[in-house]
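Presented below is the structure to which this report refers.
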Amino acid sequence: MKAILTFTLAAALAAAALPASAQNAGQIARVRGGASCAGCNLFQGDFGGVDARGLNLSGARLRQADLSLAVMNRARFTNADLRDVEAYGGVFSSANFSGANLTNASFVGAYLDGASFSGATLTGVNFSGASLQRATGLTQGRLNQACGDEATRLPRGLSIRHC
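Sequence positions in the sequence shown follow our numbering and run 61 to 223.
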């Protein structure tokens, strides 16, 4: 009995050490090359500096991905998992984030003019220095869950708390 218990405990500890759902390197490489990949597993993908306009990444898992300095104008992130994403200085004009989960994402200094945020979760998002002029789907209630600074540019009539 003791041997079975020891084996079970060792197996449980080994399983706990593994990531819940590892990234898919092939899918990440395709997106880095400019291919759309709706519903793909792009967990912790490095897309820093990528110029990939108009991609369809709807429903993709981009949790903890690096989108710093990426140019992804008109990209579709509808219903995507963008929790904990780092998108410092990224350019996402007219991108569609409708229904996306952006919890704890960082869009510091990002350009998001004309982006759509209808139904997006913005809890803990840092928009410091970001430009969101002409963004749609933003509500005061949603922005109350995010933060920014005096350099954050919002559509007329909306405000954001300081980080």
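No residue lacks a Cβ here, since even glycine has one placed at the ideal position from N, Cα and C. Bear in mind that the values here come from a model prediction, so they are computed numbers and not experimental data.
Cβ distance (whole Å) where residue i is taken to contact residue j below 8 angstroms
i    : j    : result
A140 : A120 : 5 angstroms
M132 : G150 : 7 angstroms
A130 : V110 : 5 angstroms
Rounded C-alpha distance that separates residue i from residue j
i    : j    : result
N116 : C223 : 31 angstroms
S153 : F107 : 17 angstroms
T183 : T163 : 5 angstroms
G99  : P215 : 30 angstroms
V168 : T138 : 21 angstroms
A85  : R134 : 24 angstroms
Q200 : S128 : 26 angstroms
S178 : R113 : 20 angstroms
L218 : R136 : 24 angstroms
R122 : E210 : Sequence check: residue 122 is Leu here, not Arg. Computed Cα separation, rounded: 29 angstroms.
R213 : S118 : 26 angstroms
Sequence-distant residues of its chain with Cβ nearer than 6 angstroms to residue i (five each side left out)
i    : result
G208 : F187, S188 and I220
C196 : The amino acid occupying residue 196 in the given sequence is Thr; Cys does not appear at that position. Once the five neighbours on either side are set aside, the close Cβ partners of T196 are S176.
R202 : L182
A165 : L142, V145 and V185
D173 : S153, S191, Q193 and R194
Q205 : L182 and T183
Cut-off 7 angstroms between Cβ atoms - residues of its own chain near residue i, not counting five sequence neighbours on either side
i    : result
L88  : Strictly speaking, residue 88 in this sequence is Ile, with Leu absent from that position. Here the set comprises L102 and G105.
R90  : C97
Y171 : V151, F152, S153 and S191
Where residue i falls, given that 16 or more other Cβ within 10 Å makes a residue buried
i    : result
A95  : exposed
G93  : exposed
L78  : With a pLDDT of only 40 at L78, under the threshold of 50, the placement of this residue in the model should not be trusted, and no figure is reported.
A155 : buried
Close beta carbons around residue i, own chain, < 8 angstroms, minus the five adjacent residues each side
i    : result
A180 : F157, S158, G159, A160, N161, L162, G197 and R202
Q83  : N101, L102, F103, Q104 and G105
Starting from the N-terminal side, write out each stretch of the alpha helix (DSSP H) that is 4 residues or longer and does not extend beyond the region 85-113. Those alpha helix (DSSP H) runs which fall completely within the region 85-113 and span 4+ residues are 85-92.
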